[in-house]
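Engineer: Using the working numbering, you'd call the opening residue of the sequence shown number 1 and step up by one each time.
Heads up, the beta-carbon is just placed ideally off N, CA and C, and yes, glycines get one too.
Remember, predicted model here, so these are calculated numbers, not experimental data.
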Amino acid sequence: MPAFALRYISGPQLKLTVSDEHTVEAASLDEALRTRSDWPIERNWPGTCAWAKNPGTSLYHVEAWEGTLLG
């Protein structure tokens with residue numbers, strides 16, 4: 001089963017802060033992000049990274065769980 005690195009990021013766009021990190025084994029990146037958040041997921045085309053972003057935040061202030069495929 002693939003492993004994914006998840007981290008919680010928040011703050012103004014030019015100064016994001018990481019405040020929580022986890023490694024999760026899951027069948028997909030969406031499934032891995034769902035272990036931390038119910039926010040809508042946006043992913044890159046190859047499916048190697050994605051984020052679950054709080055829909056109540058703006059372009060200038062971000063609150064999200066970011067996930068990347070390990071290995």
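Inspect the beta-carbon positions of residue 29 and residue 50 and report whether they are closer than 8 Å.
Structural biologist: Contact flag set, yes.
Engineer: Cα-Cα, which of 58, 13, 18, 60 is closest to residue 5?
Structural biologist: Taking only the C-alpha atoms, the option nearest residue 5 is 18.
Engineer: Quick check on residue 45: buried or exposed, where buried means 16 or more other Cβ atoms within 10 Å of its Cβ?
Structural biologist: Under this definition residue 45 is an exposed residue.
Engineer: Quick check on residue 50: does DSSP put it in helix, strand or coil?
Structural biologist: In the structure shown, residue 50 sits in a strand (DSSP, three-state: E or B).
Engineer: Buried or exposed for residue 33, please, with buried defined as at least 16 other CB atoms from any protein chain shown within 10 angstroms of its CB.
Structural biologist: Buried, because 16 or more other Cβ atoms sit within 10 Å of the Cβ of residue 33.
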